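Note that the protein sequences, when read in sequence, are chains A and B. Quick note: the first sequence uses the working numbering, first residue 206, plus one each step. Quick note: the second sequence uses the working numbering, first residue 18, plus one each step. First the structure, in the form of structure tokens, and then the observations on it.
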Amino acid sequence: MESEAVDVERLRADFPILSRRVHGKRLVYLDNAATTQKPQVVIDSLVRFYTSYNSNVHRSVHTLGEEATAAYEGSRKKTAEFVGVQARDLVFVRGTTEATNLVKFAWGEKNVKKGDLILATTMEHHSNIVPWQQLAKRNGATLKYVGLNPDGTLDLGSYETLLKDAPRLVTLTHCSNVLGTINDVAKLCSMAKNAGATTLVDGAQSVPHMPVDVRAVGSDFYAFSGHKMLGPTGIGALVARKDLLEEMDPFQTGGEMIREVFDERSTWNDVPYKFEAGTVNIADAIGLGEAVVYLRSIGMGRVRDHEMKLLDYAIKELTAVKGFKLYGPENVRVRAGVVSFNYADVHPHDLATILDEEGIAIRSGHHCAQPLMRWLDVAATSRASFHVYNSYDDIDALKAGILKAGGIFKI
Amino acid sequence: MSSADFYREIILDYYRNPRNFGRMEKFDIDARDTNPLCGDEIDMQIRVGEGQKIEEIKFTGKGCAISQASASMLTELAKGKELKWVRSLTKEDIFKMLGNPDLGPSRVKCALLGMKVLKVGVYGYLGGHYEDTDMPNSP
């Protein structure tokens, strides 16, 4: 790639947690697909809000209220621009799970009818499966899954076949949290659109790690979480076209989301406020805006380049270990910085415990993707996942830790 | 003790060569449970003999070394005991059986899954219900 490589050592100094020790060892944090660490500027933005202008938004005309509203709406604008849309197209939610549930309740219940088909894929996270199972059950629709190729990429043949049944909704992940597979969502959404379907893309693992332009993706709905992109927990976004949001029913009702309330009926606030009932998560929304500014200062292209180099190195180093089994595509061009694996007969939880003793944090388990685990024919996998502050040293430490587990388990 | 010592000394042998592993044709108790965190599974069968004693006990399952080894060791401990002994069994007994490893809260659930299955089965057989207050399940 042409852009200048990131200076990892300098970046790491921005993340106070990375200097802590775990069991006396340097923290090697490789659980970024679960949640990322926060730079000092994000932490400071939360402290600044609560120490200098904590106030509710959109109601109070005093100075603090005006400042809080400006910061909250400023964050909406930054976050929207970060993914190539306008502020009015972005609804703040708790995270991707709340976003899919919002679409299920506010769009799905009205638009998915008896006999309709909902298409998901085998590589979805539970947050993009269970709401649709519930909707299918409630409205008498059918939920089907697009299959995968043996290398963990999406099976386009299976997709084309299922599109012939004219699905009402196609919902798919931009990037698998287990396999790392990056789906060509622009193409897949265009195919879905031609088949007459509404589309939702789960961007929880893509927006934090690569440049994403939701307009170019072309989905009707696009969702992501703040805490996986260096922001605070409890904040995320649902992006959707204004006209679509306007047609939809409210999700939750109460304060903030109304225009007028009479004894018997109410009218709704404009979008996106119609979908932000109650006092919103002001501080964390502001923190997400700071995370976006921080990521932009690095550049998402450089973040992706860095993670791709780490991934390439990790795959080379780890697949050389006897007994190491990698899941998902080996081509780093179609894979994000996620390495799911099993190691001989060492159960992922035993491996994670042994690695923890070395200060290495990985995830072990089913990764909230049980249908995918069944497809892989495993109960669980271990998963190392990267962000921009990870280094080659981290991967060397992981490899040494795996070999240590191999020694203990006499592999 | 470090996990290296823990796995080396006790667990590994039982994980690779589980004692009392398998199913029985004739049994009086059959109980099963899973640990949603890890996906560990344990199924235990018991044949009750004279004097309400555990005449035969077997288990099957899959999961991490801690869950499988702990269940296997527990079947050895339980064999020949009276059923009411199961009521007096505590998590401290399990930790002692495992050599008091230093387990974090999430791995404790792996260690205790076998005991939970044993208690659910035996309590049910004795006409009671095992209230699992120690092990809140989390996904």
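Using N, Cα and C, we set each Cβ at its ideal position, and we do this for glycine too. Computed from a predicted structure; not experimentally measured.
DSSP has residue i in a bridge; who is on the other side?
i	result
residue 473(A)	463(A)
residue 378(A)	407(A)
residue 282(A)	Answer is none; residue 282(A) lacks a bridge partner.
residue 52(B)	57(B)
residue 66(B)	70(B)
residue 529(A)	548(A)
residue 272(A)	Per DSSP, none; premise fails for residue 272(A).
residue 236(A)	590(A)
residue 109(B)	DSSP output for residue 109(B) lists no bridge partner at all.
residue 99(B)	70(B)
residue 386(A)	540(A)
residue 230(A)	227(A)
residue 565(A)	233(A)
residue 45(B)	DSSP lists no partner for residue 45(B).
residue 38(B)	76(B)
Taking C-alpha atoms, which residue in the options lies nearest to residue i?
i	options	result
residue 399(A)	423(A), 557(A), 380(A), 381(A)	423(A)
residue 522(A)	602(A), 264(A), 320(A), 294(A)	602(A)
residue 344(A)	314(A), 545(A), 352(A)	314(A)
residue 533(A)	394(A), 459(A), 587(A)	587(A)
residue 292(A)	299(A), 263(A), 277(A)	277(A)
residue 252(A)	495(A), 332(A), 309(A), 377(A)	495(A)
residue 500(A)	395(A), 609(A), 594(A)	594(A)
residue 373(A)	360(A), 365(A), 348(A), 388(A)	348(A)
residue 552(A)	562(A), 599(A), 614(A)	614(A)
residue 247(A)	230(A), 258(A), 219(A)	219(A)
residue 143(B)	113(B), 101(B), 108(B)	101(B)
residue 452(A)	476(A), 471(A), 433(A), 464(A)	476(A)
residue 250(A)	320(A), 498(A), 520(A)	498(A)
residue 520(A)	589(A), 337(A), 418(A)	589(A)
residue 559(A)	434(A), 326(A), 606(A)	606(A)
residue 319(A)	335(A), 340(A), 573(A)	340(A)
residue 358(A)	390(A), 333(A), 469(A)	390(A)
residue 290(A)	280(A), 420(A), 360(A)	420(A)
residue 488(A)	229(A), 226(A), 254(A)	254(A)
I need the boundaries of the beta strand (DSSP E) containing residue i, first residue and last residue.
i	result
residue 442(A)	441-445
residue 643(A)	The question about residue 643(A) has no answer, for chain A in this structure spans 206 to 616.
residue 586(A)	586-590
residue 570(A)	568-570
residue 349(A)	347-351
residue 295(A)	295-298
Could you tell me the boundaries of the alpha helix (DSSP H) in which residue i lies?
i	result
residue 549(A)	Premise fails: residue 549(A) is in no alpha helix (DSSP H) and is neither H nor E.
residue 93(B)	82-95
residue 646(A)	Because residue 646(A) is not part of the residues shown, which for chain A are 206 to 616, the question remains open.
residue 78(B)	Taken as a continuous stretch (DSSP letters only), residue 78(B) belongs to no alpha helix (DSSP H), being part of the beta strand (DSSP E) at 70-79.
residue 322(A)	Note, residue 322(A): premise wrong, no alpha helix (DSSP H); beta strand (DSSP E) at 322-326.
residue 363(A)	361-368
residue 392(A)	390-399
residue 127(B)	122-142
residue 354(A)	Here residue 354(A) belongs to no alpha helix (DSSP H), and DSSP marks it neither H nor E.
residue 20(B)	20-23
residue 193(A)	Examination of residue 193(A) is not possible in this model, given that chain A is present from 206 through 616 alone.
residue 306(A)	301-308
residue 31(B)	29-33
residue 499(A)	487-503
residue 575(A)	575-581
residue 558(A)	553-562
residue 319(A)	It is not in any alpha helix (DSSP H) - residue 319(A) carries neither H nor E in the DSSP assignment.
residue 609(A)	597-613
Please confirm if the stretch 410-419 of chain A is in contact with the stretch 505-513 of chain A, defined as three or more CB-CB distances below 8 angstroms between the two stretches. The stretch 410-419 of chain A is in contact with the stretch 505-513 of chain A.
By the 9 angstroms beta-carbon criterion, what residues does the stretch 311-331 of chain A contribute toward chain B? Here the close residues are 331.
Indicate whether the contact test is met: 3 or more Cβ pairs, each with one atom in the stretch 582-596 of chain A and one in the stretch 37-49 of chain B, closer than 8 angstroms. Taking 8 angstroms as the limit for Cβ pairs, the verdict is that the stretch 37-49 of chain B does not touch the stretch 582-596 of chain A.
Pairing CB atoms from the stretch 235-247 of chain A with CB atoms from the stretch 555-571 of chain A, are three or more of them under 8 angstroms? The stretch 235-247 of chain A vs the stretch 555-571 of chain A: in contact.
If the cut-off is 7 angstroms on Cβ atoms, which residues from the stretch 29-57 of chain B count as contacting chain A, listed in chain order? Of all residues in the stretch 29-57 of chain B, 29, 54, 55, 56 have a Cβ within less than 7 angstroms of some Cβ in chain A.
Are at least three pairs of beta-carbons, each pair with one atom in the stretch 300-309 of chain A and one in the stretch 420-434 of chain A, less than 8 angstroms apart? Short answer: they touch.
Members of the stretch 561-588 of chain A that neighbour chain B once the beta carbon cut-off is set at 7 angstroms: Using a CB distance below 7 angstroms, the part of the stretch 561-588 of chain A facing chain B consists of 562, 570, 571, 584, 585, ordered along the chain.
Can you list, in chain order, the residues of the stretch 227-258 of chain A whose Cβ is nearer than 8 angstroms to any Cβ on chain B? Residues of the stretch 227-258 of chain A with a Cβ closer than 8 angstroms to any Cβ of chain B: none.
Given 8 angstroms as the limit, is there contact between the stretch 450-463 of chain A and the stretch 476-491 of chain A, that is, 3 or more CB pairs closer than that? A contact exists between the stretch 450-463 of chain A and the stretch 476-491 of chain A.
Taking only beta carbons into account, state which residues of the stretch 389-402 of chain A come closer than 9 angstroms to chain B, listed in chain order. Listed in sequence order: no entries.
Does the contact criterion of 3 or more C-beta pairs under 8 angstroms hold for the stretch 260-274 of chain A versus the stretch 386-398 of chain A? Flag = no, the stretch 260-274 of chain A and the stretch 386-398 of chain A do not touch.
Mind checking the stretch 64-84 of chain B against chain A and listing, in chain order, the residues whose C-beta falls within less than 9 angstroms of any C-beta there? Listed in sequence order: 79, 80, 81, 82, 83, 84.
Could you please tell me which residues of the stretch 540-554 of chain A, in chain order, have their CB closer than 7 angstroms to any CB of chain B? Within the stretch 540-554 of chain A, the qualifying residues are 552, 554.
For the stretch 524-532 of chain A against the stretch 365-379 of chain A, are there 3 or more C-beta pairs whose distance is under 8 angstroms? No: fewer than three Cβ pairs fall under 8 angstroms.
So, do the stretch 124-136 of chain B and the stretch 74-92 of chain B have three or more beta carbon pairs nearer to each other than 8 angstroms? Because the criterion of three Cβ pairs below 8 angstroms is met, the stretch 124-136 of chain B and the stretch 74-92 of chain B touch.
Along the stretch 331-345 of chain A, where does the CB come closer than 9 angstroms to a CB of chain B? Name the residues. Along the stretch 331-345 of chain A, the positions whose C-beta sits under 9 angstroms from a C-beta of chain B are 331, read in chain order.
So if I threshold CB-CB distances at 9 angstroms, which residues from the stretch 420-445 of chain A count as touching chain B? Per Cβ criterion, the list is empty.
Residues, ordered as in the chain, of the stretch 127-151 of chain B that lie near chain A by beta-carbon distance below 8 angstroms: Listed by position, the residues of the stretch 127-151 of chain B near chain A (Cβ gap below 8 angstroms) are 127.
Report yes or no: do the stretch 378-386 of chain A and the stretch 537-555 of chain A share at least 3 C-beta pairs separated by less than 8 angstroms? Yes: the two stretches touch, three or more of their Cβ pairs being nearer than 8 angstroms.
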